[in-house]
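Counting along the sequence shown from 1, when you hit position 67 you're at 67 in this note's numbering, and nothing is skipped either side.
Even for Gly, the Cβ is constructed at its ideal location relative to N, Cα and C.
A quick write-up on the structure given underneath.
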Amino acid sequence: MNAGTPSGWVARWVHLVAPGARVLDVASGGGRHARWFAGRGHAVLAVDRDEEALASMSACDRIATLAADLEGAPWPLPADQRFGAVIVTNYLHRPLFARLIESLAPGGVLIYETFAAGNERIGKPSNPAFLLAPGELLDAVRGRLRVVAYEDGFIDAPRAAYVQRICAVHEAQADNGAVDDAAAALTIGNTPRGRPRYVLTG
């Protein structure tokens with residue numbers, strides 16, 4: 001895969017990210033998604049422990065980088081820092097699930113894709129620590145985010161792999177705890193009845 005080509009899953013759901021919203025690219029590596037979102041007008045924070053990979057983005061407009069050990073150190077961002085989208089691909093550290101969800105602003109979108117159980121039969125990664133169990137991403141967001149799309153299965157491109165992926169939204173809440181349709185409409189549009197609208201693309 002071209003290092004600059006975004007995941008098809010990320011590209012499929014980018015329309016749910018509010019124009020100009022800040023994006024958090026977790027375990028960004030060389031920044032294929034950070035660069036892509038920056039090119040679409042988003043301010044991006046790319047976080048990774050690989051300082052050399054982060055340095056490759058030093059000249060990129062709209063991208064800030066943060067070198068951090070996401071697994072062996074405390075969460076590196078302020079507790080109140082929120083983003084319009086959190087992007088995670090090909091990375092799994094289960095203790096971060098709650099932090100990722102908490103990092104979403106109202107109306108924010110979590111787009112997550114990584115390897116799943118079954119991949120050990122065909123290649124790397126094969127360690128269960130890095131493979132999602134059936135339904136695991138659904139369990140991670142249940143009761144906290146609205147799931148727009150979820151898949152768990154086999155793909156043959158860009159290479160053969162078992163993957164699990166989710167797109168879920170942190171819906172804005174009114175004072176009474178109900179979904180705030182007006183606030184949601186500002187982000188993602190609305191139907192004639194005023195309900196949030198999540199356009200499903202092919």
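Asked	Found
What residues in its chain sit with their C-beta under 6 angstroms from that of phenylalanine 154, if we drop five residues either side in the sequence?	Tyr162
Of all the options His93, Ser58, Gly84, which has the alpha carbon lying nearest to the alpha carbon of alanine 73?	His93
Ordered along the chain, which non-local residues of its own chain (more than five positions away) have a Cβ less than 6 angstroms from that of alanine 64?	Leu45
Taking the beta strand (DSSP E) that glutamate 151 falls in, what are its first and last residues?	146-155
Output the distance between the C-alpha atoms of aspartate 48 and alanine 68, rounded to the nearest integer angstrom.	6 angstroms
How many angstroms separate the CA atom of serine 7 from the CA atom of valine 14?	11 angstroms
In whole angstroms, give me the CA-to-CA distance for glycine 189 and alanine 18.	Summary for glycine 189: the model assigns pLDDT 49, below 50, so the residue's position carries little reliability, and this model does not support an answer.
Let's test the definition: count the other Cβ atoms within 10 Å of the Cβ of valine 141 and tell me whether it reaches 16, buried, or not, exposed.	buried
What would DSSP say about leucine 96, mapped onto helix, strand or coil?	helix
Helix, strand or coil: which one does DSSP assign to leucine 54?	helix
Going by DSSP, what residues sit across from phenylalanine 83 in a beta bridge?	Leu104
Rounded C-beta distance between aspartate 148 and leucine 16? I'm assuming under 8 angstroms.	At residue 148 the sequence reads valine, which differs from the aspartate that was named. Right, the Cβ-Cβ distance comes to about 7 angstroms (below 8 angstroms), so this counts as a contact.
Assign valine 23 to buried or exposed, taking buried as 16 or more other Cβ atoms, counted over all protein chains shown, within 10 Å of its Cβ.	buried
Please return the same chain residues whose Cβ sits closer than 6 angstroms to the Cβ of isoleucine 101, not counting the five positions on each side in sequence.	Arg144
Given this structure, state the Cα-to-Cα distance separating alanine 117 from proline 76, to the nearest angstrom.	29 angstroms
If we count the other Cβ atoms within 10 Å of its Cβ and call it buried at 16 or more, is alanine 98 buried or exposed?	exposed
Using CA coordinates, which residue listed in Ser126, Ala59, Tyr198, Thr201 is at the minimum distance from glycine 31?	Ala59
Give the straight-line distance between the Cα atoms of asparagine 119 and glutamate 151, rounded to the nearest whole angstrom.	15 angstroms
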